[in-house]
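To convert, take the position in the sequence shown, counting from 1, and add 1054; that gives my numbering.
We put the beta carbon where it would ideally sit given N, CA and C, even for glycine.
Note sheet for the following structure.
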Amino acid sequence: MNARLPLRAETAISVASPLEVMARLRDHFVEHGTVSGTDERWTVAFDIGEAEALACDGHVRFRVAAADPTSLAYLQWGVAEHVCEFAPAEAPEIVWKGGVIPGAPLPYFREMRVLRARQITPRMRRLTLAGRDLDRFSHGGMHVRLLLSPETDVKPVWPVMGKDGRQAWPEGPRPIHRVYTIRRIDIAAGEIDVDFVLHEGNETPGANFAREARPGDVVGMTGPGGGGLREADWYLLAGDETALPAIGRMLEEMPAGKKVVALVEIADHAERQELQTKAELDLRWLSREGRPAGTTKLLADAIRALDFAADASVFVWAGCEHAAAREIRAHLHMERGLPRRNSLIAAYWRHGMAGEVENSD
Ligand SMILES: Cc1cc2nc3c(=O)[nH]c(=O)nc-3n(C[C@H](O)[C@H](O)[C@H](O)COP(=O)(O)OP(=O)(O)OC[C@H]3O[C@@H](n4cnc5c(N)ncnc54)[C@H](O)[C@@H]3O)c2cc1C
């Protein structure tokens, strides 16, 4: 294994058909990393580290290696989760040697405290959250899962490391989780900003948390995660207000000399924000003029109206409502023929549905 990845863990998992499980796992991992080796022994190099699988008599031996505890725990989790998915009937027992001790805090969990709150626009509220040791949250993805109290005045339990490498839950009330973007991170000060859309809808734990948060309130956070931009000559960034924090951060991190077209759907013109960038930016606000979010085709129509060559010169990033994301994917890939590796189109929420959204076509 790669000598520059000092943290290691390994496990031997008994399964009826080691080669079959390994083949399914490799087919899955190939979308996320570079695979080398044979059917009996392969290695996958990911951005966060390396995983190796070796077929043995009646079991598969896995070794994972990473540079930091969060990446190592993600690799352990990924192996365990997918082996259980690909051999569900066997409910394989998984016990890791190395890595975080079972029952210890997850390396990718932090308990955060609300420092302050302020209104950015009428429908966007910024919370500044404080926590310790935030360095790993500054790279390798800008999204986090916030773990929120399930009821007022109930302190939830936090997840810990399970012996199979996945999350385990102590007895007690579990939190509700919602996905948000780290809009700004200051490692030295130990704080992050998260911008919350105060959207329509009943029973909205995420938006309610932002509305009601007071200094000192506690929230759990796991992460970071999520894909980023690939190298390209120019970028098309598109999103509704839930993706505005991500678009704002990507623009701030974009180097000079790049061209960016940004299409941002907002409720009305009062939701416009000042966005900073060194890139050459063509920013277009698409106002719903008060129509509810998730009921218009503004984003897909705006992309359709753009005249551009859908080739390797461009990378298209979009974050928006589920139906809009599907329409944008279909338009880019089926109608325009944009190669799939030149886009990342994510459903950030789904009209009429609470919680996290499945991101499949
Ligand atoms: C990778 C990623 C990053 C994200 N980053 C951010 C971020 O930085 N800021 C942010 O505000 N959101 C962000 N989101 C979206 C956010 O997770 C969802 O909007 C989430 O559903 C909000 O949770 P909630 O508890 O307020 O509402 P839920 O309980 O999930 O939903 C309750 C009801 O409200 C509706 N609803 C949910 N979101 C919206 C919306 N935006 N507009 C209108 N109706 C809605 C639902 O359809 C449902 O009917 C992100 C999502 C993903 C996947």
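beta-carbon residue i near ligand 1 non-hydrogen atom, thresh 6 Å
i, result
"W1403", "yes"
"E1307", "no"
"T1182", "no"
"R1342", "no"
"G1282", "no"
"V1233", "yes"
"H1296", "Correcting the residue type first, residue 1296 is Thr in the shown sequence and not His. Because some heavy atom of ligand 1 lies under 6 Å away, the Cβ of T1296 counts as near it: yes."
"P1393", "no"
"A1347", "yes"
"M1407", "yes"
"G1277", "no"
"P1176", "no"
"A1261", "yes"
"E1254", "yes"
"V1251", "yes"
"P1159", "no"
"H1376", "no"
Residue i and residue j closer than 7 Å at C-beta
i, j, result
"D1322", "G1302", "no"
"R1419", "A1359", "Residue 1419 lies beyond the stretch modelled for the chain, which goes from 1055 to 1415, so this question has no answer here."
"T1065", "W1150", "yes"
"R1238", "D1249", "no"
"L1059", "A1121", "yes"
"F1279", "G1195", "A quick correction: the sequence has Gly, not Phe, at residue 1279. For G1279 and G1195, yes; Cβs fall inside 7 Å."
"P1156", "M1215", "yes"
"V1098", "I1067", "no"
"V1314", "A1333", "yes"
"A1184", "R1172", "no"
"D1093", "I1148", "no"
"V1069", "A1141", "yes"
"H1376", "V1411", "yes"
"R1394", "A1264", "no"
Beta-carbon contacts of residue i that lie in its chain and below 7 Å, excluding the five residues immediately before and after
i, result
"T1296", "V1251, G1373, Y1402, W1403"
"G1091", "T1097"
"R1018", "It is not possible to answer for residue 1018, since the shown part of the chain is limited to 1055 through 1415."
"P1213", "L1160, F1163, Q1221, A1222, W1223"
"G1277", "Y1162, F1191, G1195, H1197, V1198, R1199"
"I1241", "L1188, D1189, S1192"
Own chain, CB closer than 8 Å to residue i, minus 5 neighbours either side, in chain order
i, result
"L1170", "The displayed chain sequence assigns Arg, not Leu, to residue 1170. So the list reads L1181, T1182, P1269, once near-sequence residues are dropped."
"A1286", "A1366, S1367, V1368, F1369, N1396"
"R1015", "Since the first residue shown for the chain is 1055 and the last is 1415, residue 1015 is missing from the structure and cannot be characterised."
"A1354", "A1378, E1381, I1382, H1385"
"G1260", "L1200, L1202, R1232, Y1234, F1250"
"R1186", "R1164, G1244"
Span separating the alpha-carbon of residue i from that of residue j
i, j, result
"G1112", "V1133", "17 Å"
"N1262", "A1057", "47 Å"
"P1299", "H1197", "10 Å"
"G1087", "F1100", "5 Å"
"L1352", "L1126", "41 Å"
"G1153", "A1063", "5 Å"
"V1318", "D1294", "5 Å"
"S1203", "A1379", "30 Å"
"H1136", "L1079", "7 Å"
"E1307", "D1189", "17 Å"
"R1164", "M1275", "5 Å"
"L1291", "V1273", "30 Å"
"C1110", "D1336", "56 Å"
"T1426", "M1304", "Any question about residue 1426 goes unanswered here, given that the chain covers just 1055 to 1415."
"F1083", "V1089", "8 Å"
"A1310", "E1328", "18 Å"
Own chain, CB closer than 6 Å to residue i, minus 5 neighbours either side, in chain order
i, result
"P1176", "A1324"
"T1350", "R1342"
"G1103", "L1059, A1119, A1120, S1125, L1129"
"P1346", "E1254"
"R1284", "F1369"
"V1208", "P1227"
"G1348", "E1375, H1405"
Segment limits, beta strand (DSSP E) that includes residue i
i, result
"V1273", "1272-1279"
"V1137", "Segment 1123-1140 is the alpha helix (DSSP H) holding V1137; no beta strand (DSSP E) there."
"L1340", "1334-1341"
"R1178", "Contrary to the premise, residue 1178 reads as Met rather than Arg in this sequence. Here the beta strand (DSSP E) through M1178 covers 1178-1184."
"A1292", "1288-1293"
"H1197", "1197-1202"
"L1108", "1103-1110"
"I1399", "1397-1403"
Residue span of the alpha helix (DSSP H) that contains residue i, given as start and end
i, result
"G1244", "Per DSSP, G1244 belongs to no alpha helix (DSSP H) and is neither H nor E."
"M1055", "No alpha helix (DSSP H) holds M1055; DSSP gives it neither H nor E."
"H1231", "First-last for H1231: 1230-1235, but that is the beta strand (DSSP E), not the alpha helix (DSSP H)."
"F1083", "1072-1083"
"G1409", "Unbroken run through G1409: none, as it is neither H nor E."
"I1301", "1298-1307"
"L1352", "1352-1359"
Short CB-CB distance (under 7 Å) between residue i and chain D
i, result
"F1191", "Among the chains of the structure shown, chain D does not appear; only one protein chain is present."
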